[in-house]
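Input: a single structure, listed below in structure tokens.
Residue numbers (this note's numbering): 492 to 788.
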């Protein structure tokens, strides 16, 4: 990693941050509903832009040689605490050391003084009723399903708004569960599942695949991911907070059928066989996996 020791050289654009007060619009039932971008999304994108701006200026680590962006940390750990830190230039560089769910929890705490300890829930893995200051993704799902802390559960992809929380888990296990904040659902990206193709799964006939931009803290990258950073001329994956694009497969009622961590590499229009194989190899179907979406108050 290359360290530029003069933090005043960091001049990120932070274009998304400049839109903090911009109102967004959604069409609902033929009318236009206007809503303000939620603070936790605005601040999360601000942190991504601050870190990306520093990295673009060549600043990848702080004065103590600690990377600005990390995937790790533990809640309230004395030796390796999870945290998010916003820039206060020139003295303070932006920084992140979180995993997926704690990143969201830190944003909620920063924006709203949120305290998940106030909500008890039944833990489906530990088989006990408990509370925690920092829920795992599967515990976020339990809280959502019990109506604790969330305003509502969103069951249709076409009703999802920026700032909604997208969660999934392998049912009965905390392995590979994940928590994300929705940045944008691209309804114009819809691709009908090619049920007439020789390699098609008949059970998926009538479904449609959409691209969804998310904000998360991750050890891996999605498609079109901000965590691919040029380092000495080489695109390098730097784990931590960032934005990227996942895929969501829905039925005719826009209910989730499955999800993909990233998008197929092949072109849908010109390389359909490759696209379909790419979808199948990535797809986690509802049932063995459970993906849910919640809206915060």
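Idealized CB from N, CA, C, for every residue including glycine.
Model, not experiment: these values are computed from the prediction.
Subject >> Candidates 673, 571, 722, of which the one nearest residue 549 by Cα >> reply: The sequence position of residue 549 within the chain shown is 58, counting from 1. For residue 549, the nearest C-alpha among the options comes from 722.
Original post:
When DSSP builds the beta bridges, which residues end up paired with residue 701?
Top reply: As a working mapping, residue 701 is identified with position 210 in the chain shown. DSSP output for residue 701 lists 739 as bridge partner(s).
**OP:** Determine the closest residue to residue 755 out of 765, 747, 687, 625, with distance taken between C-alpha atoms.
**Re:** Your numbering for residue 755 matches position 264 in the chain shown. Comparing Cα positions, the closest option is 765.
**OP:** If I'm right that residue 757 touches residue 749 with Cβ under 8 Å, what's the distance once you round it to whole angstroms?
**Re:** The residue you call residue 757 lines up with position 266 of the chain shown. The residue you call residue 749 lines up with position 258 of the chain shown. Not quite, the Cβ-Cβ distance comes to about 18 Å (not below 8 Å), so this is no contact.
**OP:** Measure the C-alpha to C-alpha separation of residue 661 and residue 747 and round it to an integer number of angstroms.
**Re:** Here residue 661 refers to the residue found at position 170 of the chain shown. Here residue 747 refers to the residue found at position 256 of the chain shown. When rounded, the distance between both Cα atoms is 15 Å.
**OP:** Indicate the three-state DSSP secondary structure (helix, strand or coil) for residue 549 in the structure shown.
**Re:** In the chain shown, counting from the first residue as 1, residue 549 sits at position 58. In the structure shown, residue 549 sits in coil (DSSP, three-state: anything other than H, G, I, E or B).
Original post:
Using CA coordinates, which residue listed in 627, 540, 644 is at the minimum distance from residue 787?
Top reply: Translated into the one-based positions of the chain shown, residue 787 becomes position 296. That would be 644, whose Cα lies nearest to the Cα of residue 787.
Original post:
On the premise that residue 681 lies in contact with residue 701, defined as a C-beta separation below 8 Å, what is that separation, rounded to the nearest angstrom?
Top reply: As a first step, residue 701 must be located in the chain shown, where it is residue number 210. As a first step, residue 681 must be located in the chain shown, where it is residue number 190. Confirmed, about 5 Å.
**OP:** Look at the Cβ atom of residue 573, then the Cβ atom of residue 588, and state whether they are nearer than 7 Å.
**Re:** By 1-based counting over the chain shown, the position of residue 573 is 82. By 1-based counting over the chain shown, the position of residue 588 is 97. Yes, these two residues count as a Cβ contact at 7 Å.
Original post:
Where DSSP assigns a beta bridge to residue 537, which residues make up the other side?
Top reply: Taking the chain shown and counting its residues from 1, one reaches residue 537 at position 46. Beta-bridge pairing links residue 537 to no other residue.
Original post:
So residue 632 and residue 781 are in contact, right, with Cβ under 8 Å, and what is the actual spacing, rounded?
Top reply: Position 141 of the chain shown, counted from the start, is the residue given in the question as residue 632. Position 290 of the chain shown, counted from the start, is the residue given in the question as residue 781. With a Cβ gap of about 7 Å, residue 632 and residue 781 count as contacting.
**OP:** State buried or exposed for residue 593, treating a residue as buried only when at least 16 other CB atoms are found within 10 Å of its CB.
**Re:** Within the chain shown, the letter at position 102 stands for residue 593. Buried.
Subject >> Pair within 7 Å by beta-carbon distance, residue 690 and residue 767 >> reply: Translated into the one-based positions of the chain shown, residue 690 becomes position 199. Translated into the one-based positions of the chain shown, residue 767 becomes position 276. The answer is yes: Cβ separation under 7 Å.
**OP:** Report the partner residues of residue 783 according to the DSSP bridge assignment.
**Re:** As a working mapping, residue 783 is identified with position 292 in the chain shown. 658.
**OP:** Ignore the nearest five residues each way along the sequence and tell me which others in residue 730's own chain have a CB closer than 6 Å to its CB.
**Re:** The count along the chain shown starts at 1 and reaches residue 730 at position 239. 562, 710.
Original post:
Who are the near neighbours of residue 597 in its chain, counting only those whose CB is closer than 8 Å to its CB and skipping five residues on each side?
Top reply: Translated into positions along the chain shown, residue 597 becomes position 106. Result list for residue 597: 573, 574, 575, 589, in chain order.
Subject >> Where residue 685 sits in the DSSP three-state scheme >> reply: Here the question's residue 685 lines up with position 194 in the chain shown. Shown here, residue 685 sits in coil according to DSSP, grouped into three states, outside any helix or strand.
**OP:** Decide if residue 669 is buried, meaning its Cβ has at least 16 other Cβ atoms within 10 Å, or exposed.
**Re:** Here residue 669 corresponds to residue number 178 of the chain shown, with the count starting at 1. Burial call: buried.
Subject >> Endpoints, the beta strand (DSSP E) within which residue 719 is located >> reply: Within the chain shown, numbered from 1, the residue matching residue 719 stands at position 228. Note, residue 719: beta strand (DSSP E), 719-722.
Subject >> Proximal residues to residue 707 (C-beta, below 6 Å), its chain only, five neighbours per side dropped >> reply: Along the chain shown, read from residue 1 onward, the residue named residue 707 stands at position 216. In its chain, beyond the 5 residues on either side, 591, 671 have a beta carbon closer than 6 Å to the beta carbon of residue 707.
Subject >> alpha helix (DSSP H) runs wholly inside the stretch 560-610, at least 4 long, in chain order >> reply: 591-603
**OP:** Consult DSSP for residue 777 and reduce its assignment to one of helix, strand or coil.
**Re:** As a working note, residue 777 is residue 286 in the chain shown. Three-state DSSP puts residue 777 in a strand.
**OP:** On a CA-only basis, which of 696, 678, 536 is nearest residue 684? Give me that one, please.
**Re:** The residue labelled residue 684 in the question sits at position 193 within the chain shown. If we check each option's Cα against that of residue 684, 696 comes out closest.
Original post:
Taking DSSP as the reference, what is the three-state secondary structure of residue 621?
Top reply: Translated into the one-based positions of the chain shown, residue 621 becomes position 130. Strand at residue 621.
Original post:
Taking three-plus beta-carbon pairs below 8 Å as touching, is the stretch 622-630 in contact with the stretch 604-614?
Top reply: yes
Original post:
By a C-beta neighbour count over all protein chains shown, 10 Å radius and 16 as the cutoff for buried, is residue 718 buried or exposed?
Top reply: Here residue 718 refers to the residue found at position 227 of the chain shown. Buried, by the Cβ-count rule.
**OP:** Could you pull out every residue in the same chain whose Cβ sits closer than 6 Å to the Cβ of residue 625, ignoring the five residues on either side in sequence?
**Re:** Here the question's residue 625 lines up with position 134 in the chain shown. Within the same chain, residue 625 has close Cβ partners 566, 593, 596.
Original post:
Straight-line CA distance for residue 537 to residue 618?
Top reply: In the chain shown, the residue the question calls residue 537 occupies position 46. In the chain shown, the residue the question calls residue 618 occupies position 127. Distance between the alpha carbons of residue 537 and residue 618: 38 Å.
**OP:** Return the residue from the list 745, 531, 714, 703 that minimises the CA-CA distance to residue 601.
**Re:** Indexing the chain shown from 1 puts residue 601 at position 110. Measuring from the Cα of residue 601, the nearest candidate turns out to be 531.
Original post:
residue 613 lies in the beta strand (DSSP E); which residues open and close that run?
Top reply: Here residue 613 refers to the residue found at position 122 of the chain shown. Per DSSP, residue 613 belongs to the beta strand (DSSP E) from 612-614.
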